[in-house]
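Residue numbers (UniProt numbering): 1 to 170. Don't be surprised by glycine CBs; every beta carbon is placed ideally from N, CA and C. If you're wondering where the values come from, they're calculated on a predicted model, not measured in any experiment. Take a look at the structure set out below.
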């Protein structure tokens with residue numbers, strides 16, 4: 001074992017990973033590793049879920065350049081995708097809930113400016129909310145009306161409602 005996830009996570013949690021571009025590289029590797037079942041435990045055991053929730057909170061600053069905005073979007077999107085992939089069982093999904101990620105997913109869905117109007121981030125967050133609610137049920141924070149609207153509506157309707165895109169029958 002090369003302990004790739006462990007090394008990446010440790011450096012980020014030690015706050016040696018300041019650049020949004022470095023975070024983009026780390027979250028890309030973790031999202032790809034999360035797709036491989038044998039890598040999930042290394043991510044989970046080394047506090048990768050906590051790090052990915054931190055990455056969800058990345059936000060563009062006022063006056064941020066376009067290339068940095070795109071990078072923040074990628075970090076948010078890949079963090080949501082990685083968390084969805086890691087939620088293979090109720091224990092991990094409940095950990096995501098306990099880390100208050102559900103509120104952030106809802107914010108990213110409902111407030112387009114937080115995700116720089118990115119539809120890719122919206123889709124990733126909707127997917128994460130649906131996966132977590134399937135595993136954990138709809139109690140507590142997951143039972144809020146905001147979450148229920150995002151989870152129970154057909155995916156297309158939830159997307160259109162949050163994206164602000166008007167679908168024309170023409």
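Taking C-beta to C-beta, are residue i and residue j nearer than 7 Å?
{"i": "residue 119", "j": "residue 74", "result": "no"}
{"i": "residue 96", "j": "residue 146", "result": "no"}
{"i": "residue 82", "j": "residue 158", "result": "no"}
{"i": "residue 135", "j": "residue 150", "result": "no"}
{"i": "residue 122", "j": "residue 162", "result": "yes"}
{"i": "residue 26", "j": "residue 99", "result": "no"}
{"i": "residue 116", "j": "residue 69", "result": "yes"}
{"i": "residue 9", "j": "residue 48", "result": "yes"}
Cα separation between residue i and residue j?
{"i": "residue 79", "j": "residue 152", "result": "23 Å"}
{"i": "residue 5", "j": "residue 94", "result": "21 Å"}
{"i": "residue 21", "j": "residue 28", "result": "11 Å"}
{"i": "residue 92", "j": "residue 86", "result": "7 Å"}
{"i": "residue 148", "j": "residue 42", "result": "32 Å"}
{"i": "residue 88", "j": "residue 35", "result": "10 Å"}
{"i": "residue 45", "j": "residue 11", "result": "15 Å"}
{"i": "residue 72", "j": "residue 2", "result": "28 Å"}
{"i": "residue 38", "j": "residue 13", "result": "22 Å"}
{"i": "residue 131", "j": "residue 17", "result": "29 Å"}
{"i": "residue 109", "j": "residue 7", "result": "31 Å"}
What distance in whole Å lies between the Cβ atoms of residue j and residue i, which are believed to be in contact at a cut-off of 8 Å?
{"i": "residue 228", "j": "residue 58", "result": "For the chain, the structure presents residues 1 to 170; residue 228 sits outside this window and is missing."}
{"i": "residue 155", "j": "residue 101", "result": "With a Cβ gap of about 20 Å, residue 155 and residue 101 do not count as contacting."}
{"i": "residue 127", "j": "residue 84", "result": "5 Å"}
Checklist entry - Which residue spans inside the UniProt domain "Protein inscuteable homologue C-terminal" (17 to 169) form an unbroken alpha helix (DSSP H) run of at least 4? => result 20 to 34, 37 to 45, 48 to 56, 66 to 86, 90 to 98, 101 to 110, 119 to 136, 145 to 152 and 155 to 163
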